[in-house]
Amino acid sequence: NAGVTQTPKFQVLKTGQSMTLQCAQDMNHNSMYWYRQDPGMGLRLIYYSASEGTTDKGEVPNGYNVSRLNKREFSLRLESAAPSQTSVYFCASSESRDGSFEMNTEAFFGQGTRLTVV
Amino acid sequence: AQSVTQLDSHVSVSEGTPVLLRCNYSSSYSPSLFWYVQHPNKGLQLLLKYTSAATLVKGINGFEAEFKKSETSFHLTKPSAHMSDAAEYFCVVSDPSGYSTLTFGKGTMLLVSP
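Each protein sequence line maps, in turn, to chains A and B. For the first sequence, my numbering gives the first residue as 1, with consecutive numbering after it. For the second sequence, my numbering gives the first residue as 1, with consecutive numbering after it.
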């Protein structure tokens with residue numbers, strides 16, 4: 001009963017380093033999302049993928065890239081980490097055919113990745 | 001475009017007293033509305049959701065919320081707070097208008113004292 005699994009749970013990077021956050025879901029959902037959470041800001045959408053093979057920018061995409069590797073997996077890459085990217089990152093998925101939240105759909109979230117860039 | 005305003009960043013209650021967490025939304029369409037809860041160092045869990053079937057929505061752990069279109073509000077309530085309710089709560093809106101996604105409020109931290 002895994003749901004949405006994110007790795008790693010914690011990471012410390014030096015400025016300029018690169019890394020990829022991994023996310024996998026086992027619910028056969030079409031849509032997947034990456035959010036970042038900062039104190040007092042709620043969650044802000046970085047990128048999303050409405051279906052396998054498509055990705056779109058969200059509210060705060062600068063400094064990030066994504067790959068929808070297959071229906072299960074959606075990765076987030078930081079090419080050159082900056083201190084402003086220190087945050088908690090959440091992956092989510094939903095059973096949504098076009099990225100919208102129709103009736104009776106909801107988003108399921110992973111446990112988060114706490115990233116610190118020094 | 002949709003937006004969500006959570007009117008209180010922190011709410012403090014005593015155990016056994018009622019809880020009220022306030023949320024106002026702005027949406028161009030008939031929205032779907034959600035409340036999520038996040039316990040410390042945990043992921044987000046869905047408490048309840050409104051999708052136009054009924055204006056009073058019951059969720060898990062005794063929480064409920066009432067959709068009031070005239071007031072554009074979706075306040076979360078619980079008759080009697082428990083210590084385990086201490087967490088951060090997020091009001092979330094989604095417009096069913098194509099490639100839309102979830103828009104989160106900034107969160108309300110609920111503190112419960114003995």
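Positions of the beta carbon are idealized from the N, C-alpha and C atoms, including for glycine.
Closest to residue i by C-alpha separation, out of the options, would be which residue?
i: Leu115(A); options: Gly16(A), Ala50(A), Gln11(A); result: Gln11(A)
i: Ala65(B); options: Gln6(B), Gly105(B), Phe34(B); result: Phe34(B)
i: Val88(A); options: Pro8(A), Val4(A), Gly3(A); result: Pro8(A)
i: Glu15(B); options: Pro79(B), Leu47(B), Gln45(B), Thr72(B); result: Pro79(B)
i: Glu120(A); options: Gln22(A), His29(A), Leu13(A); result: No information on residue 120(A) is available, as it lies outside the stretch 1 to 118 that chain A covers here.
i: Gln25(A); options: Gly40(A), Thr86(A), Val4(A); result: Val4(A)
i: Gly63(A); options: Gln6(A), Thr86(A), Pro39(A), Thr113(A); result: Thr86(A)
i: Ser32(B); options: Ala87(B), Thr72(B), Ala81(B), Tyr89(B); result: Thr72(B)
i: Lys106(B); options: Gly42(A), Gln6(A), Arg68(A), Lys71(A); result: Gly42(A)
i: Pro114(B); options: Ser84(B), Gly62(B), Ile60(B); result: Ser84(B)
i: Ala2(A); options: Gly16(A), Thr55(A), Met27(A); result: Met27(A)
i: Phe90(B); options: Gln6(A), Asn70(A), Gly40(A); result: Gly40(A)
Ignore the nearest five residues each way along the sequence and tell me which others in residue i's own chain have a CB closer than 6 Å to its CB.
i: Phe67(B); result: Tyr50, Thr55, Phe74
i: Gln45(B); result: Val37
i: Glu88(B); result: Gln38, Gly107, Met109
i: Thr20(A); result: Ser75, Arg77
i: Gly62(B); result: Lys78
Less than 8 Å between C-beta atoms, sequence neighbours within five positions excluded: which residues of the same chain meet that for residue i?
i: Asp8(B); result: Leu21, Arg22, Thr108
i: Val11(B); result: Val19, Leu20, Leu21, Thr108, Met109, Leu110, Leu111
i: Ser18(A); result: Arg77, Leu78, Glu79, Ser80, Ala81
i: Tyr25(B); result: Gln2, Ser3, Val4, Thr5, Pro31, Leu33, Thr72, Ser73, Phe74, Cys91, Val93
i: Asn70(A); result: Glu52
i: Thr55(A); result: Tyr47, Tyr48, Ser49, Val66, Ser67, Arg68
i: Val13(B); result: Val19, Ala81, Leu110, Leu111, Val112, Ser113
Going by the beta-carbon positions, is the gap between residue i and residue j smaller than 8 Å?
i: Val60(A); j: Ala82(A); result: no
i: Met32(A); j: Ser93(A); result: yes
i: Val66(A); j: Ser51(A); result: no
i: Val37(B); j: Val93(B); result: no
i: Leu45(A); j: Thr101(B); result: yes
i: Ser75(A); j: Gln37(A); result: no
i: Tyr35(A); j: Phe108(A); result: no
i: Ala86(B); j: Thr17(B); result: no
i: Arg68(A); j: Gly53(A); result: yes
i: Gln2(B); j: Thr77(B); result: no
Measure from the C-beta of residue i to each C-beta in chain A and report whether the shortest distance is under 8 Å.
i: Leu44(B); result: yes
i: Phe104(B); result: yes
i: Lys69(B); result: no
i: Gly107(B); result: yes
i: Thr101(B); result: yes
i: Phe74(B); result: no
i: Lys49(B); result: yes
i: Phe34(B); result: yes
i: Phe90(B); result: yes
Do we get a CB-CB distance below 8 Å when we pair residue i with the residues of chain B?
i: Met41(A); result: yes
i: Glu95(A); result: no
i: Gly58(A); result: yes
i: Ala107(A); result: yes
i: Tyr33(A); result: yes
i: Gly112(A); result: yes
i: Leu45(A); result: yes
i: Met90(A); result: Sequence inspection shows Phe at residue 90(A); the Met mentioned does not correspond to that position. Phe90(A) counts as touching chain B.
i: Tyr64(A); result: no
For my contact list, residue i and residue j are in at a C-beta cut-off of 8 Å; report their separation, rounded to the angstrom.
i: Gln111(A); j: Lys58(B); result: With 8 Å as the limit, Gln111(A) and Lys58(B) do not qualify as a contact, their Cβ atoms being about 26 Å apart.
Please go through the same chain and pick out, in chain order, the residues whose beta-carbon is closer than 7 Å to the beta-carbon of residue i, but skip the five residues on each side of it.
i: Glu95(A); result: His29, Asn30, Thr105
i: Lys57(A); result: Tyr47
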